[in-house]
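Asks: In the working numbering, the protein residues as written are 2 to 549. Here's a structure for you.
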Ligand code: BGC
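What follows is the structure in structure tokens.
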């Protein structure tokens, strides 16, 4: 059942259309028995990812950090936190990945550092030191209140008072994550130096964390209220139109500097995380030419409550693959259904269709197979998050076991990040699913342990085998990797489109609902049938790909 797995013949860079596998290092594999995953643990299990057929890994931060935001608060960009290992461990990881044919991407957090970073220690010391404006400092308003109304993503004002300078400093996430002053050329230089450091160590790409948060209105003008659009408001942040606190157009100039450095090292894959309301114009601006980034990572599916045909069509329609009215190139999207910040897609989406509090195991399995088929058919890069290939479900973590500061601060209306960060199950027969020999930092649930890698690897009909098959299919298909996506139909539960290029044309149809649909597919041979989908009939949660 394995399709030809050689990459489609193309002159494009390796990353275009590639499937990337995201690793959350705390939860992948614990090699030293301290309950927390680490770099040698990743190295030990890279063969799982190579076997799966992903072309690259993206590793969430492993840099020196007090771990208040579990590594997204960096205290030294050029070293490894001892929890995760050493630089030698990182070098060994890269060597093993490359030997297996996997590219390595790391996660650069450039909008903020940890408050424990020496840069911040220096900056906060007084108002006259050489790094005094490496962060965003401002005097209080005359009444002592913060300089602007800006709110932080994780709740509460984006400003914290600092007694040393008798000023406020800005932070868009936790107060332990002071905002770097991205407008400052010296800060940009330092961050380019960090980029170079990791390129010299052999990395093949970067995910650029919260990049549109990197620059803000230097006049610190107040954000206006957000218009009521029905989207949920769980934090003060949600009530604002963040036009001044983020998304400053100067980010594009910095992006061109990053791209120039990367350009010295060959085909480096750079993907920007771009959140916020209506992100597409920025995603395109960040990726619209060879002198900018490779791709921008979409949030379109990450928090969606249901995977509807209309949602998919709407997301794809924003990337028609044509230059805009002014002749500017469009750029290139990246898609993910799951990551370390959003509740697992299987748990978000399957129950919406089965209309039951808890879908049966058979329904979950059918849904998970369909979901992967939709993902591999999308035009752009695709990202899988660890455990998605196993059908892992969101775990419910009780309040007393929560670790994520966002979850604790906003409980019970949290982003549920702990529940998607529970450890990978490797061996259903071993304690803690074989993830660790001691107490894991977050518990594994029995339902997820039952889906362990070992169990599924032994079963050719498993979801793991299915995911491997579909990634192989995509890799071997120039139409799926890079072809145009046209004729998208979203009619009730039916989603259909054609992926095509000079070499081939594929008609892809999906039934995202729990009823049966009749269809009339164009002539051709069936390349793929998921859950008994055929050119005439799509049973619940089925799909068919037809080569014309
Ligand atoms: C990361 C989060 C992190 C935040 C602050 C993001 O968007 O994905 O995990 O908490 O940036 O760095």
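Every residue, glycine too, gets a C-beta built ideally from N, C-alpha and C. Computed from a prediction, not measured in an experiment: that's the story for all the values here.
1. With distance defined between alpha-carbon atoms, name the residue in 445, 291, 253 nearest to residue 17.
2. Just list the beta strand (DSSP E) runs in the stretch 213-288, keeping only unbroken ones of 3 residues or longer that don't cross its boundaries, in chain order.
3. Using a 10 Å radius around the Cβ and a threshold of 16 neighbouring Cβ atoms, would you call residue 131 buried or exposed?
4. Apart from the five residues just before and just after residue 389, which ones in its own chain have a Cβ nearer than 6 Å to its Cβ?
5. From the DSSP output, in three-state form, read off residue 417 for me.
6. Given a cut-off of 8 Å on the beta-carbon distance, is the pair residue 501 and residue 485 in contact?
7. Does residue 547 pass the burial test, meaning 16 or more other C-beta atoms within 10 Å, or should it be called exposed?
8. Relative to the C-alpha of residue 236, which candidate in 153, 297, 377, 76 has its C-alpha closest?
9. Return helix, strand or coil for residue 546, following the three-state DSSP convention.
10. If I measure Cβ to Cβ from residue 311 and keep anything under 6 Å in the same chain, skipping five residues before and after, which residues do I get?
11. For residue 300 and residue 371, I'd like the C-alpha separation in whole angstroms.
12. Measure the CB-CB distance between residue 161 and residue 262 and report whether it falls below 8 Å.
13. Go through its chain and collect everything with a Cβ distance to residue 21's Cβ below 6 Å, but skip five positions before and after it.
14. Under the criterion of a Cβ to heavy atom distance below 7 Å, does residue 274 qualify as lining ligand 1?
15. Is residue 106 closer than 8 Å to residue 252 when the C-beta atoms are compared?
16. When every heavy atom of ligand 1 is checked, does at least one fall within less than 7 Å of the C-beta of residue 316?
17. Apply the 10 Å Cβ neighbour rule to residue 79 and answer buried if 16 or more other Cβ atoms are within range, or exposed otherwise.
18. Excluding the 5 residues flanking residue 313 on each side, which residues of the same chain have their C-beta closer than 6 Å to its C-beta?
19. Rounded to the nearest angstrom, what separates residue 333 and residue 297 at their Cα positions?
20. If you draw a straight line from the C-alpha of residue 117 to the C-alpha of residue 69, how long is it?
21. Going by the C-beta, is residue 313 closer than 7 Å to any heavy atom of ligand 1?
22. Output the distance between the C-alpha atoms of residue 95 and residue 104, rounded to the nearest integer angstrom.
23. May I ask you to report which of helix, strand or coil DSSP gives residue 555?
24. Kindly examine ligand 1 and report whether one of its heavy atoms sits closer than 7 Å to the Cβ of residue 78.
25. For ligand 1, is there a heavy atom less than 7 Å away from the beta-carbon of residue 341?
26. Give me the Cα-Cα distance between residue 13 and residue 133, rounded to the nearest whole angstrom.
27. For residue 519, count neighbouring C-beta atoms within 10 Å of its own C-beta (all shown protein chains included) and say buried if the count is 16 or more, exposed if not.
28. With distances taken from CA atoms, which of 483, 545, 342, 479 is nearest residue 511?
29. Using a Cβ-based criterion (distance less than 7 Å to any ligand heavy atom), does residue 70 qualify as near ligand 1?
30. As a quick exercise: from 437, 377, 167, 284, pick the residue whose alpha carbon is nearest that of residue 209.
31. Are the beta-carbon atoms belonging to residue 168 and residue 127 less than 8 Å from one another?
32. Please report how far the alpha carbon of residue 186 lies from the alpha carbon of residue 530, in whole angstroms.
33. Helix, strand or coil: which one does DSSP assign to residue 121?
34. If we ignore side chains and look at the alpha-carbon of each, how far apart do residue 537 and residue 97 end up?
35. DSSP three-state call for residue 308: helix, strand or coil?
36. Measure the CB-CB distance between residue 365 and residue 351 and report whether it falls below 8 Å.
Replies: So, to answer that:
1. 291
2. 270-274
3. exposed
4. 339
5. coil
6. yes
7. buried
8. 153
9. strand
10. 491
11. 20 Å
12. no
13. 57, 59, 384
14. yes
15. no
16. no
17. exposed
18. 496
19. 7 Å
20. 10 Å
21. no
22. 8 Å
23. This structure cannot speak to residue 555, because the chain is shown only from 2 to 549.
24. no
25. yes
26. 44 Å
27. exposed
28. 545
29. yes
30. 284
31. no
32. 54 Å
33. helix
34. 46 Å
35. coil
36. yes
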